[in-house]
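A.B. asks: Take a look at the following structure, please.
In the numbering used here, the protein residues as written are 83 to 1022.
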C-alpha cells in the first residue's frame, strides 16, 4: 500500500478543512483524559487490557484508535439494542442487507460493515474471545457472519471498537476492524426492568423484561442476567408511504399490481394477453388492462390487487437470553466462568407466493404434430388460499468461557482460557413441489417434466386435461382456492445448520527489561482453535424440485495454531526534552490445518506514540492483515439459488444502445429470474492486506478533547463471488465489444471466453437466459483512504448539572477497487452502484444532574447514489435522524426512562426511479420511522 498522506491532504484540502472546522466548532460528549501513563501509575490506577493490544495499560487512548460505547451510552443515545448502537457508528460506512429485505439469505440476521469492506471483514469478539458464526452463509457460495442479533443488550457492559487491521494481535478476519463486546461482571444488586415500545406508523410493538442479579460471598462473586425480548413485525401496509401502489413515483404503475393473468405465447407474437375480466371481481380483485400490449382477445384484462400486506420490513422476533458470570478469587488471581445463551424465533413475511407455467398444448403429448397452441398462466396467492407460509427461523447459540488468571513471581500476568460455542439454526418455508403441482393441474405427466424448475421452463400438456380455453380443469387456477386443494403438492423446505468453535489460549504479559526511558513491556500468546460448520437444505430443494425456492449445502472444519508476541518499548521518558515516546511492535503466525491453500500466515504491526506534552498524543501505526477464506467459500456443495439480474445483452440489442450510453434503463423491461449454480473451491488462498493510521489526541482544556486520524486500509487477493448480475454484464460487454462507459472490449480475451462459458441460453426464443455459473475467486483488490474526527466537550454548571456534547465524523477520500486481475484499479467512491456513504456524522447533546438526564442523538448519513437513476452522477442528499432520551431517578430503587428514535419520523429518500415496492432503498435508509420506548427499572 502506498502511503501518500500529505498529497491526499493537499488534494482534498477543502474537504479536510471543512471537516476539521466542523469538529472544532461543535465539540463532543464525555470528558477525555490524556494523562501520562506514568502519572496514573503513581496514583495507583490499575492497568487494564484494551482491545487492540494484549499489553495492559492505564489509558484507553493509545497507538490504535478505540471507540468505546458503554451500556449507559446505548441508553443515552436512544438505541433499542447493541446492534442499533453499532449500526450508528460513523465508521460503519457500508451497508448490510438483513431483515429489511426478507427474500435474502440472511433475512433474520444483523451485522455491521465497517469501512464498507463487508460484514465478515470485521472480527467480533465476546470478552476478547471468538464466538461461533451464523451457520447459514450469506449466499449460495459466500461468507459467514457473527449475528449481532444474538447478543443481549442488558448483559453488555461496554463495546470497544477498533478500526483497521489487527491480525498481528487477533489473527484472521481483523481486516476492517474489531468489535469486542465486554459483558457485565460487577452487578451487586437485584433488579427488574420492563420496557414497552411501539411505532407511530403501526406494527413493531415490543416488550422486554430483564431480571439482573449479582453479589459477592467471601471470595465468590456472580452476575446473572435473564432477558426476554418480544417484537411484532412491521408489514408492508403499516406505513402510509408504501402501503399501496399509488405511493410509487410512476403514475403508470399506480393501479393494482398484477396477481392473475393468462397469455397466449408465440401465436405469432411472443406474448399476447387473454381476457380474465370475468374472473376478477368474484375473488375481490380489480380488472386491469395495461396499455401498449399485443392482445390475443379483443378486450383483455388481468386481475390486480394490492399485495403489500404480506411483506415485512422488520421481522417478528421472540428471544430469550441468559447470561451468567462467576468468579472465585485466589491469592494471586481468580478462576472465572462465563455462559451466554440465546434462543431466538423469528418470522419473515415474504412476497406473496406465486406459481406460473409456460405450456405447450397437444392432442398427444408424445406427438408434436398435434400442436394446438402455447399458453402461460400466472397467479399470486393470498395467504388464506394456499398452505404455503412465511419463512420461520429457529436459532440457538451458546458460548462458554472458563479460565484462570493470575500473577507469576509477583511480576507477570498470565491467563489460561478455554472457549467453546455452538450455534444451531433452522429455517422453514412452505412451497410447492413443481412436479407434484404440474401433476395436480394437468394430470398426465409429459416427457419433459423431469427437469429442475427454472424460470424459462416449458412443459407439454395433454389437451384432454384442459377446457376449451386451454385452462387446467383439475383445479380452476383462476377460481376460488382453498389450502386443502394443494396439500398433496406442498413441500416444507428446511435449511438446518450448526457451527461450533473450541479454543484454548495461554497469555502472559509483564515487564521485559528496564530501559533508560522506562520499562519495556511484553505480551505473548499461544492459541489453538478448532471450528466447523454444516448447513444442509433438504434434497428436493437443492435438486431444484421446488418452485421459486432454492437451497444451499456445505460442510467443513479446520484447526488453527497460532503464536504471537507484542512489545511496548519506551524510547524517551516524559521528563525528556521531547516528552515521552513509545514504540509498539507485534508479530503473529497462524498455521491452518485444513484442505485449503492457506497453510500459514505471518502478520506484523509497528507503531509509535509520542506525547510531547501531557495534553497531546501523536500516534501512527502500520499493520498487515490476512483473512483465511470462510469455510463455506471452500466447502460449499453444489448449490443453486435464484437471482433477479438484468439481461443486458438482449436489452442493448433490442433498444439499439451504443457505446457510452447508459444501461440503467434496462432494468425496466429486461429483468429476469434465473438459476445460478455454484460450488466451493478448496484452492482459494488467504486474503492479505495492510492498514495505516496517523493521528493525534489533544486535551485542549480539562473539558474539551479532540481526536484526528487519517487511515488507509487495503486488501489484496480479495475473494469475490461472481454473481449472475456481474456475469450477464460481462457477457454483454464481450458479445457487444464495448462497455456502458464507452471502453472497447476484446471479445477474444481470456476473460471474455470465461464469461461467455458461464451463461447458458436457449428456450423458445433461442436466446433466453437459462442459467449462469458463479464461483468464488482470489482476484479482487480494495483499498480505502479517509479520516476520522471526533471531539468531546463537557461542562459543569455549578450545581445545575452538567452539559455534554460529542461528535464523530468519518470522511472517505477514496475507495479503490478492482474485481478481476486485468481490470484497472478504479476509485469507485462516487460510482452509482457503490452503496457506501462517503461521510457519516453522529453527535450527542445532553444534560444531566443527580436525578434527571436528557439527551439528543443525531445520526447523519452523507449523500449516496440514486441506484436506478438514468443520471449515473445523481445522488440523494444527506439523511439525518434524531433520537431523544430522558431518564428520571424517582428514588434510589426506582428509575423511569423514555426514548424516541427517529424523533421527527424521517422517512427514506424516494426517487422517481424507485418504481417497485417499497419505493425506496430501505437497505440504506431505515423504514421504521418514529419508535418510542418506556422503561421502568426497580432494584430490590
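C-beta atoms are modelled at their ideal positions from N, C-alpha and C, and glycine is treated no differently.
What number of angstroms, rounded off, separates the C-alpha of residue 190 from the C-alpha of residue 816?
C.D. replies: Spanning the two alpha carbons is a distance of roughly 38 Å.
A.B. asks: State the Cα-Cα distance for the pair residue 906 and residue 945, rounded to the nearest angstrom.
C.D. replies: Distance between the alpha carbons of residue 906 and residue 945: 26 Å.
A.B. asks: Can you give me the C-alpha to C-alpha distance between residue 778 and residue 238, rounded to a whole angstrom?
C.D. replies: 29 Å
A.B. asks: Could you check whether residue 799 and residue 861 sit closer than 9 Å to each other, using their CB atoms as the reference points?
C.D. replies: yes
A.B. asks: With H, G and I counted as helix, E and B as strand and the rest as coil, what does DSSP make of residue 251?
C.D. replies: helix
A.B. asks: Kindly provide the ranges of any alpha helix (DSSP H) runs that are 4 or more residues long and lie completely inside the segment 297-377, ordered along the chain.
C.D. replies: 359-362
A.B. asks: Taking residue 432 as the reference, give the member of 642, 413, 484 and 316 with the closest Cα.
C.D. replies: Closest option to residue 432, judged by alpha-carbon separation, among 642, 413, 484 and 316: 316.
A.B. asks: Specify the secondary structure class of residue 918 as computed by DSSP and reduced to three states.
C.D. replies: coil
A.B. asks: Should residue 301 be labelled buried (16 or more other beta-carbon atoms within 10 Å of its own) or exposed?
C.D. replies: exposed
A.B. asks: Between the alpha carbons of residue 896 and residue 776, how many angstroms are there, rounded?
C.D. replies: Roughly 16 Å separates the two Cα atoms.
A.B. asks: CA-CA distance, residue 157 and residue 968?
C.D. replies: 9 Å
A.B. asks: Work out the CA separation of residue 941 and residue 109 for me, nearest whole Å.
C.D. replies: Its pLDDT being 36, under 50, residue 109 is placed unreliably in this model, and the value from its coordinates should be taken loosely. Their Cα atoms are separated by approximately 15 Å.
A.B. asks: With DSSP collapsed to three states, give me the class of residue 877.
C.D. replies: Under the three-state reduction of DSSP output, residue 877 falls in the strand class.
A.B. asks: Assign residue 430 to one of two classes, buried (16 or more other C-beta atoms within 10 Å of its C-beta) or exposed (fewer than that).
C.D. replies: buried
A.B. asks: Please identify the residue among 734, 185 and 409 whose C-alpha is closest to the C-alpha of residue 743.
C.D. replies: 734
A.B. asks: To the nearest angstrom, report how far apart residue 292 and residue 518 are at their CA atoms.
C.D. replies: Rounded to the nearest angstrom, the two C-alpha atoms are 48 Å apart.
A.B. asks: State the start and end residues of the unbroken beta strand (DSSP E) segment that holds residue 997.
C.D. replies: From DSSP, residue 997 is part of no beta strand (DSSP E); its letter is neither H nor E.
A.B. asks: Does DSSP put residue 810 in a helix, a strand or coil?
C.D. replies: helix
A.B. asks: May I ask which residues mark the beginning and end of the beta strand (DSSP E) holding residue 937?
C.D. replies: 934-943
A.B. asks: Between the alpha carbons of residue 88 and residue 272, how many angstroms are there, rounded?
C.D. replies: Reliability of the predicted coordinates at residue 88 is poor, the pLDDT of 33 falling under 50, and no value is obtained from them.
A.B. asks: Less than 9 Å between the beta carbons of residue 470 and residue 484, yes or no?
C.D. replies: no
A.B. asks: With DSSP run on the structure shown, which of helix, strand or coil describes residue 564?
C.D. replies: When secondary structure is reduced to three states using DSSP, residue 564 falls in the coil class, being assigned neither helix nor strand.
A.B. asks: Rounded to a whole number of angstroms, what is the C-alpha to C-alpha distance between residue 122 and residue 400?
C.D. replies: Reliability of the predicted coordinates at residue 122 is poor, the pLDDT of 38 falling under 50, and no value is obtained from them.
A.B. asks: Look up residue 702 in the DSSP assignment and give the residues it is bridged to.
C.D. replies: 690 and 776
A.B. asks: Does the distance from the C-beta atom of residue 714 to that of residue 372 stay below 9 Å?
C.D. replies: Between residue 714 and residue 372, the gap from beta carbon to beta carbon reaches 9 Å or more.
A.B. asks: Would you call the segment 345-363 and the segment 453-472 touching, i.e. three or more CB-CB distances under 8 Å?
C.D. replies: yes
A.B. asks: Just the C-alpha distance for residue 1013 and residue 322, rounded to the nearest angstrom, thanks.
C.D. replies: So the two alpha carbons sit approximately 15 Å from each other.
A.B. asks: Please report the straight-line C-alpha distance between residue 699 and residue 504, rounded to a whole angstrom.
C.D. replies: The C-alpha of residue 699 lies about 42 Å from the C-alpha of residue 504.
A.B. asks: Please look up how many angstroms separate the CB atoms of residue 28 and residue 691, rounded, as I've assumed it's under 8 Å.
C.D. replies: Outside the shown range of the chain (83 to 1022) lies residue 28, about which nothing can therefore be said.
A.B. asks: Can you tell me whether residue 660 is buried or exposed? The criterion is at least 16 other CB atoms within 10 Å of its CB, across all chains shown.
C.D. replies: exposed
A.B. asks: Verify the CB distance criterion: does residue 874 have a CB-CB separation below 9 Å to chain D?
C.D. replies: Annotation note: the requested chain D is absent from the structure, which comprises a single protein chain.
A.B. asks: Restricting to Cα atoms, I'd like to know which of 391, 346 and 385 is closest to residue 379.
C.D. replies: 346
A.B. asks: Measuring alpha carbon to alpha carbon, tell me which of 522, 574, 413 and 502 ends up nearest residue 473.
C.D. replies: 574
A.B. asks: Going by DSSP, what residues sit across from residue 947 in a beta bridge?
C.D. replies: 957
A.B. asks: So for residue 669, helix, strand or coil by DSSP?
C.D. replies: strand
A.B. asks: What is the DSSP secondary structure of residue 615, counted as helix, strand or coil?
C.D. replies: Secondary structure at residue 615: strand, using DSSP grouped into helix, strand and coil.
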